[in-house]
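Encoded as structure tokens, the structure appears first; notes follow it.
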Amino acid sequence: MWERLAYFIIRFRLSLIAVLAVITVFMAWKAKDVEMTYDFAQVVSPNDPDMIYFQDFKRPSAKTATCWWWACKTARCTSWAISTSSASSPTPLPK
Numbered sequence: 546m547w548e549r550l551a552y553f554i555i556r557f558r559l560s561l562i563a564v565l566a567v568i569t570v571f572m573a574w575k576a577k578d579v580e581m582t583y584d585f586a587q588v589v590s591p592n593d594p595d596m597i598y599f600q601d602f603k604r605p606s607a608k609t610a611t612c613w614w615w616a617c618k619t620a621r622c623t624s625w626a627i628s629t630s631s632a633s634s635p636t637p638l639p640k
């Protein structure tokens, strides 16, 4: 059986390479239309309290956007380290 397979591959190697090249070019051509989506399938009711909380969490607020813009505009962007203690607030890392 393996001898017949090897014989087939060797005998039709140019045809197999051409078919593989055509498939590769076709897949590359179709890959230009690929888009990522970060939305989940709607399996939970939109009125569910957890879903409402999640949708509010996903939506950026104007206050957050303004804070990020102000922080980067004034060059105060810092890295924050999360403390292991839940009682203390995050502290900036030393530069």
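Its first residue numbered 546, the sequence shown is counted upward by one per residue in this note's numbering.
Ideal Cβ positions, reconstructed from N, Cα and C, are used throughout, including at glycine.
Keep in mind that this is a model prediction, so the values were computed, not measured.
Cutting at 8 Å between CB atoms, please list the residues of its own chain near residue 595, excluding the five before and the five after it. Here the set comprises 589.
Assigned secondary structure, residue 586 (DSSP; H/G/I helix, E/B strand, else coil): coil
Please state whether DSSP places residue 580 in a helix, a strand or coil. coil
Would you kindly work out how many angstroms separate the C-alpha atoms of residue 568 and residue 547, rounded to a whole number? 25 Å
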